[in-house]
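Reviewing the structure listed below.
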Amino acid sequence: METRAVDVLVIGGGQAGLAVGFYLHRLSRDAARGRGGPAPSFAILDANEQPGGAWQHYWDTLELFSPAAYSSLPGYRMPAWASPGNPSAGHVVSYLRTYEERYALPVHRPVTVVAVEDLPDGRYRTLTDQGAWISRVVVNATGSWRRPFVPTMPGAEKFTGSQLHTTGYRSRKSFTGHRVVVVGGGNSGAQIAADLLPAAASVTWVTRRPPRYLPDEVDGRALFQLATGHVHALERGDFTGGGVGSLGDIVAIPPVRQARDAGHLEAQPMFSGFTPTGVQWADGRQQETDAVIWCTGFRPDLGHVRPLGLDMNGAAPVTAGDLPTRSRDRAGLFFLGYGDWCGPASATLIGVGAPARETATAAARHAASAI
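What follows is the structure, encoded as C-alpha cells:
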C-alpha cells in the first residue's frame, strides 16, 4: 500500500482532531499571507465513515449540557438550536460536518490506525489499513468511544438477559415493556435511566455511591469556567480545593431533573452479582431483569501507541509538566481531548479549543526544528 508523508499527523477526526486541525490550518493560512514562519503540512485520519466523531453514535434523545452559543469549537460558532432545550447530538454532528468543510480540513476516512512506531531518525511511522504515514509529529485525538469499560461481575456469563454498554444504547423503543437495570452514577446513567422511563416496564438505577447532582443552574459552560479557574489557581499556587468534582457528578438537564423531582430516579446500591434471570444484592435480595445497561465509562483509545512503550499513569500516558498534551517520553507526540489529564475540560466542545491551540503551536515548532 501507499506510504505518505506529512509533518503532523492527527489521529482522530472528532471534535478534538478538528480543533487542532483548525489551528494547523490557520498556521498555513498565515504563512500563505506572509505572516509567521513556515507552516507544517498535516493530515487527519478518522476511523468513522462519516463526519461527526462519537456524536453520530449516541442515543437519539441525547442533548448537550449547554446552549449552542456555549458549545462551539474555535473559529466558528455552532448555529442556533431552534427547538426546546439544548442542541441534540444530531445537531452536533451537522455542526462538525460543516466545520470540517468550512476549513477544508484534510480528513481521510475511513482509516483505521493499527500502530505507531519509532523510526531511527526521530520520525514516526503510523500503520493503517490503508497504508502507512511518515510524520515528524503525531497528535492522538482518538477519544474513548471505542474502548467502553464494563466491570467483571459474578455470574454475568450465566445471565440469560441482554447486556450492553452505553455505546450500544440507541433508543428506548428497543426496551418497550422490558425490565431494565441501569448501572452507573454519572451523566450517562442518569440520562439513560430517565430516557427509559416512558417505555420500560420498570427501570432500576444502581450506583456505587449515592448520586451527586450538580446545582440545577450549573451547565457545561459553568463547568468549563470552573475547570479553567481550577487550573489557573494551581498555576498561581493558591488553589484550596473545590474543583468540578466537588460540586457533583450529574448535570441536571431538564429530563433528568423532571424524573428526579418526580421521584423516579431513586438510585439503589450496586448489586453483587447476576442470577440466570436477573441480579442479586449482597443481602440476598434478587430481581428479575430483562436487560442490564452498563453506563460505566470508557478508557482512552490508545492501543495503537503500545509499540512505543510509553510510561503510563493507569490508562493514561504520562505527559509533560509544561504542556499537558505533550508526551513526557517522546518528542513530537501529543494527546488531546481525552480528559482533564491533557487539558481542563478538553473532552468537551467548549473546552478543547485552548489545549488544541497550544498543541498545534508546539507541534509546528517541533516539526520546524526537526527539519
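Residue numbers for the sequence shown follow our numbering, beginning at 96 and rising by one.
No residue lacks a Cβ here, since even glycine has one placed at the ideal position from N, Cα and C.
This structure is a prediction, so every number in the text was calculated from the model and none was measured.
Is the beta carbon of residue j closer than 7 Å to that of residue i?
i      : j      : result
Gly438 : Pro450 : yes
Phe137 : Gly250 : no
Thr255 : Pro371 : yes
Ala236 : Gly432 : yes
Val234 : Leu140 : no
Ala126 : Pro133 : yes
Gln258 : Val387 : yes
Val232 : Ala458 : yes
Asp424 : Leu405 : yes
Tyr198 : His273 : no
I need the DSSP call for residue i, collapsed to helix, strand or coil.
i      : result
Arg231 : strand
Gln145 : coil
His203 : strand
Gly170 : coil
Pro243 : strand
Arg331 : Model confidence at Arg331 stands at a pLDDT of 49, short of 50, so the residue's coordinates are unreliable and nothing is read from them.
Arg121 : helix
Val413 : coil
Ala114 : helix
Tyr190 : helix
Glu361 : coil
Asp102 : strand
Glu158 : strand
Arg130 : coil
Gly185 : helix
From the options, pick the residue whose C-alpha is nearest to that of residue i; which is it?
i      : options                        : result
Val313 : Phe160, Met365, Gly263         : Phe160
Gln382 : Ile348, Pro133, Val276, His461 : Val276
Glu212 : Ala458, Thr454, Arg401         : Arg401
Met173 : Pro162, Pro201, Gly416         : Pro162
His152 : Thr261, Ala134, Trp228         : Thr261
Glu97  : Gly148, His120, Asp224, Arg197 : Asp224
Arg218 : Thr443, Ala426, Leu360         : Ala426
Residue i to residue j, Cα distance in whole Å?
i      : j      : result
Phe429 : Ser422 : 6 Å
Tyr118 : Asp155 : 31 Å
Ala285 : Thr391 : 11 Å
Gly448 : Thr299 : 38 Å
Gly108 : Leu292 : 34 Å
Arg331 : Gln145 : Confidence is the limiting factor: at Arg331 the pLDDT is only 49, short of 50, which leaves the residue's position unreliable and the question unanswerable from this model.
Pro364 : Arg380 : 12 Å
Glu158 : Ser183 : 4 Å
Ser441 : Thr384 : 37 Å
Arg452 : Asn143 : 24 Å
Ala295 : Pro350 : 16 Å
Trp436 : Ser239 : 14 Å
Asn181 : Tyr190 : 14 Å
Thr335 : Tyr308 : Residue placement at Thr335 is poorly supported in this model, since its pLDDT is 47, which falls under 50; the coordinates are not used for a value here.
Asn282 : Arg352 : 12 Å
Glu196 : Gly147 : 12 Å
Ala114 : Lys253 : 45 Å
Round the Cβ separation of residue i and residue j to the nearest angstrom and send it over; I've been treating them as touching at under 8 Å.
i      : j      : result
Val301 : Phe366 : 6 Å
Tyr194 : Tyr165 : Contact flag wrong, Cβ pair sits at about 16 Å.
Ile348 : Pro306 : So it is not a contact: roughly 14 Å between Cβ atoms.
Ala462 : Val103 : 6 Å
Would the C-beta of residue i count as close to the ligand ADP, meaning under 6 Å from any of its heavy atoms?
i      : result
Arg121 : The model on display carries no ligand, and the ligand ADP is accordingly not part of it.
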